[in-house]
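First up is the structure itself, then whatever we jot down about it.
Residue numbers (my numbering): 16 to 113.
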């Protein structure tokens, strides 16, 4: 799985849901019938840290939930991406909240 960026942020009271754009190899994409896959991740609004009780990363296709979850080895990639992009994500959340 490759994370190509984030597309949107949805805000609620204490958390933000970040929509990550993801891509797999062609064979996996065809096998799972994915055209426009995304993964949604919940983080705390204040500091963009992952919310630990919601570590089930569901795969969406064309904004619709699928039956698939991200494999454990890819969860580490998501965590690294969130940590690396934290500044941009916090800015996006603050811009959206104001």
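Ideal placement from N, C-alpha and C gives every residue a C-beta, glycine not left out.
- For residue 100, same chain residues with a beta-carbon under 8 Å away, outside a window of 5 residues either side, are 21 in chain order.
- Distance from the CA of residue 81 to the CA of residue 75, rounded to the nearest whole angstrom, comes to 5 Å.
- Contact between residue 63 and residue 104 holds, with the beta-carbon distance rounding to 5 Å and staying under 8 Å.
- Unbroken alpha helix (DSSP H) stretches of 4 residues or longer found wholly inside the region 51 to 104: 87 to 99, given in chain order.
- Following the DSSP letters along the chain, one finds residue 48 in no alpha helix (DSSP H), marked with neither H nor E.
- Note that the C-beta distance between residue 17 and residue 50 is not below 7 Å.
- Excluding sequence positions up to five before and after residue 83, its CB lies within less than 8 Å of the CB of 47, 73, 74, all in the same chain and listed in chain order.
- Counted as a single uninterrupted DSSP element, the stretch harbouring residue 113 is not any beta strand (DSSP E), since DSSP gives it neither H nor E.
- Residue 56 and residue 33 have their C-alpha atoms spaced approximately 5 Å apart.
- Around the beta carbon of residue 25, a 10 Å sphere encloses fewer than 16 other beta carbons of the protein chains shown; the residue is thus reported as exposed.
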